[in-house]
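Participant:
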Amino acid sequence: MSTTPSSKLTPGARFRAALEANRPLPILGTINAYTAMMAERVGHQAIYLSGGGVANASFGLPDLGMTTMNDVVEDAHRICGATELPLLVDIDTGWGGAFNIARTVKEMQRAGVAAVHLEDQVAQKRCGHRPNKAIVSQ
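Its first residue numbered 0, the sequence shown is counted upward by one per residue in numbering that gives the first Met the number 0.
Listed below in structure tokens is the structure:
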């Protein structure tokens, strides 16, 4: 793990700094701590954990909403513990309504996650690039 001055910044501050310094910012998908460490070693500035990556790599499942918030938090925590790179995490639909989403964000912060993105699908979610999905109305 790096002990550079950037490691004194919060994960979110490191992510914003990487965005500011790199336009566009390439964000490499990582599925575990080892791939995150490899990304850091070859010079990437940010990494990504997808919901599909958790389902596929950790459970051998398709990305059809079968993993839980705790499954994603666990993988994110392991990745954040292995590298100083800021981690962007796919939190699917947040695992519920507004209160669940708030809890999800807090758990991601505790795990060391720098940023999240949220899908606008209704439950039961489907992989974002697959057909027959329904999204939340505006």
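Quick reminder that beta carbons are idealized off the backbone N, C-alpha and C, glycines included.
Given a cut-off of 7 Å, decide if R22 and P85 are closer than it, judged by their beta-carbon atoms.
Facilitator: Numbered from 1 along the sequence shown, position 86 holds the residue referred to as residue 85. Numbered from 1 along the sequence shown, position 23 holds the residue referred to as residue 22. No, the pair does not count as a contact, with Cβ atoms beyond the cut-off.
Participant: Measuring CB atoms only, is the segment 101 to 111 touching the segment 34 to 43, in the sense that at least three cross pairs come out at less than 8 Å?
Facilitator: Output reads no: the segment 34 to 43 does not touch the segment 101 to 111.
Participant: Give me the Cα-Cα distance between V72 and V135, rounded to the nearest whole angstrom.
Facilitator: Residue mapping note: residue 72 aligns to position 73 of the sequence shown, counting from 1. Residue mapping note: residue 135 aligns to position 136 of the sequence shown, counting from 1. The straight-line gap from Cα to Cα measures roughly 24 Å.
Participant: Measuring straight from C-alpha to C-alpha, what distance separates N99 and T92?
Facilitator: Residue mapping note: residue 99 aligns to position 100 of the sequence shown, counting from 1. Residue mapping note: residue 92 aligns to position 93 of the sequence shown, counting from 1. Going by the C-alpha atoms only, they are around 10 Å apart.
Participant: Can you round the beta-carbon distance between A75 and G11 to whole angstroms, since I take them to be within the 8 Å contact cut?
Facilitator: As a first step, residue 75 is located in the sequence shown; it is residue number 76 there, counting from the start. As a first step, residue 11 is located in the sequence shown; it is residue number 12 there, counting from the start. The pair is not a contact, with the Cβ atoms about 14 Å apart (cut-off 8 Å).
Participant: Using a 10 Å radius around the Cβ and a threshold of 16 neighbouring Cβ atoms, would you call D62 buried or exposed?
Facilitator: Within the sequence shown, residue 62 is the residue found at index 63, counting from 1. So D62 counts as buried.
Participant: Could you tell me which of G64, G111, M65 sits nearest to K7, measuring between CA atoms?
Facilitator: Within the sequence shown, the letter at position 8 stands for residue 7. Comparing Cα positions, the closest option is G111.
Participant: Which residues in the same chain have their Cβ closer than 6 Å to the Cβ of A81, if we skip the five residues on either side of it in sequence?
Facilitator: Locating residue 81 in the sequence shown gives position 82, where the first residue counts as 1. Counting only Cβ-Cβ distances below 6 Å, and skipping sequence neighbours, we find A32, A35, M36.
Participant: Determine whether the beta carbon atoms of L18 and L24 lie at a separation below 7 Å.
Facilitator: Translated into positions along the sequence shown, residue 18 becomes position 19. Translated into positions along the sequence shown, residue 24 becomes position 25. Contact flag set, yes.
Participant: Between the C-alpha atoms of Q44 and T29, what's the straight-line distance to the nearest angstrom?
Facilitator: Looking up residue 44 in the sequence shown gives position 45. Looking up residue 29 in the sequence shown gives position 30. Cα-Cα distance, rounded: 13 Å.
Participant: At the 7 Å Cβ level, is C79 part of the contact set with chain D, yes or no?
Facilitator: As a matter of chain content, chain D is missing from the structure shown, which is built from one protein chain.
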